[in-house]
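Heads up: the structure comes next, in structure tokens.
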Amino acid sequence: MSPITLITGAAGGLGQAVVARFADIGHTIVAVDLNSDALAACADRHRAGPGGIHVMPADLTDPGAIVDLGDRVHREVGAVDNLLNIAGYLHRGAMADTDVDTWGRTLDVNVTAPFLLTKAFRDDLRTTPRGRIVNCSSISATVGYPLPAYAASKAALSSLTRSLLFDFWGTNTTVNAVAPGAMRTPMVDIANEDKMVAKTPAGRIVTPEDVAATIAFLASDDARGINGTTVTIDGGATAIFSYAQP
Ligand SMILES: NC(=O)c1ccc[n+]([C@@H]2O[C@H](COP(=O)([O-])OP(=O)(O)OC[C@H]3O[C@@H](n4cnc5c(N)ncnc54)[C@H](O)[C@@H]3O)[C@@H](O)[C@H]2O)c1
Numbered sequence: 000m001s002p003i004t005l006i007t008g009a010a011g012g013l014g015q016a017v018v019a020r021f022a023d024i025g026h027t028i029v030a031v032d033l034n035s036d037a038l039a040a041c042a043d044r045h046r047a048g049p050g051g052i053h054v055m056p057a058d059l060t061d062p063g064a065i066v067d068l069g070d071r072v073h074r075e076v077g078a079v080d081n082l083l084n085i086a087g088y089l090h091r092g093a094m095a096d097t098d099v100d101t102w103g104r105t106l107d108v109n110v111t112a113p114f115l116l117t118k119a120f121r122d123d124l125r126t127t128p129r130g131r132i133v134n135c136s137s138i139s140a141t142v143g144y145p146l147p148a149y150a151a152s153k154a155a156l157s158s159l160t161r162s163l164l165f166d167f168w169g170t171n172t173t174v175n176a177v178a179p180g181a182m183r184t185p186m187v188d189i190a191n192e193d194k195m196v197a198k199t200p201a202g203r204i205v206t207p208e209d210v211a212a213t214i215a216f217l218a219s220d221d222a223r224g225i226n227g228t229t230v231t232i233d234g235g236a237t238a239i240f241s242y243a244q245p
């Protein structure tokens with residue numbers, strides 16, 4: 000039987016690359032997103048995959064919707080082996096432009112939803128012979144960043160990733176995160192790609208496919224020794240600091 004992999008944010012730029020990657024390796028996909036039209040289009044592209052795809056639109060800011068999603072997945076698909084928390088919300092605003100509702104929504108999508116989804120599928124992930132949780136953090140979690148709500152939420156998600164190890168102690172399930180640098184997706188308007196490339200030792204910004212490949216590796220048997228880590232995928236952008244120009 001193929002592994003069951005639940006992917007949130009499946010209709011987004013990175014989410015679609017992750018769906019494609021896991022469909023290619025034969026997983027049964029549960030695709031979750033707020034955007035039901037884009038989700039249906041994504042499913043149409045991958046429905047013929049070996050493991051099939053189940054489309055489940057949901058607003059992950061609603062704790063009741065997450066409980067309903069858990070019930071529906073168990074009823075219609077089965078126990079989840081891999082939980083990939085890719086959905087994210089970014090408000091383009093400095094502190095003065097971020098009201099309390101926006102702050103709350105950012106934390107709801109980026110941290111509270113992964114927390115509640117992990118609770119909803121905890122029993123599955125504790126008993127599967129090889130489980131994986133991969134959360135999508137960001138390089139903004141580890142550096143000062145001009146969008147404070149987003150950066151704080153991603154730092155909290157990396158922290159949650161480490162702390163969840165206690166819930167999966169002694170099981171075959173690992174919990175890790177990825178921290179992408181800027182990628183060209185609907186979330187980010189990359190008008191100044193040349194400036195980003197100039198600050199990136201790899202000489203290019205990363206792609207959703209680069210990040211999806213790392214997520215697939217973290218979900219593989221070969222990554223069984225990696226646990227509680229946030230893997231940075233940014234072409235080296237945050238690894239360097241120099242007053243000198245290259
Ligand atoms: N694009 C980048 O440069 C970049 C960099 C670092 C990290 N990330 C992270 O990568 C992940 C994917 O983002 P992306 O770049 O593909 O952006 P995207 O906007 O294309 O995708 C985000 C997806 O999350 C979904 N979503 C948002 N709120 C939701 C909710 N309440 N319920 C259900 N789904 C919801 C959206 O509908 C969308 O499909 C996010 O966690 C983001 O923070 C992106």
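To convert, note that position 236 of the sequence shown is 235 in numbering that gives the first Met the number 0; the numbers rise steadily by one, no gaps. Backbone N, C-alpha and C fix where the C-beta goes; we use that ideal spot for every residue, glycine too. Given the structure is predicted, the values throughout are model-derived calculations rather than measurements.
{"query": "On the CB-based measure, 16 or more other CB atoms within 10 Å of its CB, does residue 167 come out buried or exposed?", "result": "buried"}
{"query": "Which residues mark the beginning and the end of the alpha helix (DSSP H) in which residue 214 is found?", "result": "207-217"}
{"query": "Whose C-beta lies closer than 8 Å to the C-beta of residue 203 among residues of the same chain, with five residues either side of it excluded?", "result": "196 and 234"}
{"query": "Within the continuous alpha helix (DSSP H) that includes residue 2, where are the two ends?", "result": "Looking at the DSSP string, residue 2 is not in any alpha helix (DSSP H), and its letter there is neither H nor E."}
{"query": "Does the beta carbon of residue 113 fall short of 7 Å from some heavy atom of ligand 1?", "result": "no"}
{"query": "Can the beta-carbon of residue 206 be found closer than 8 Å to that of residue 148?", "result": "no"}
{"query": "Roughly how far, in whole angstroms, is the beta-carbon of residue 227 from the beta-carbon of residue 127, given that I think they are within contact range, below 8 Å?", "result": "Not confirmed; about 18 Å, so no contact."}
{"query": "First and last residue of the alpha helix (DSSP H) that includes residue 116?", "result": "112-119"}
{"query": "Using the beta-carbon count (16 or more within 10 Å), is residue 44 buried or exposed?", "result": "exposed"}
{"query": "Determine which residues share a DSSP beta bridge with residue 132 and list them.", "result": "82 and 174"}
{"query": "Identify every residue that forms a DSSP beta bridge with residue 53.", "result": "29"}
{"query": "Between which residues of its own chain and residue 134 is the CB-CB distance below 6 Å, once the five residues before and five after are set aside?", "result": "84, 113, 156, 160 and 176"}
{"query": "Roughly how far, in whole angstroms, is the beta-carbon of residue 186 from the beta-carbon of residue 92, given that I think they are within contact range, below 8 Å?", "result": "In fact, because the Cβ distance is near 14 Å, the residues do not count as touching under 8 Å."}
{"query": "According to DSSP, which residues form a beta bridge with residue 232?", "result": "179"}
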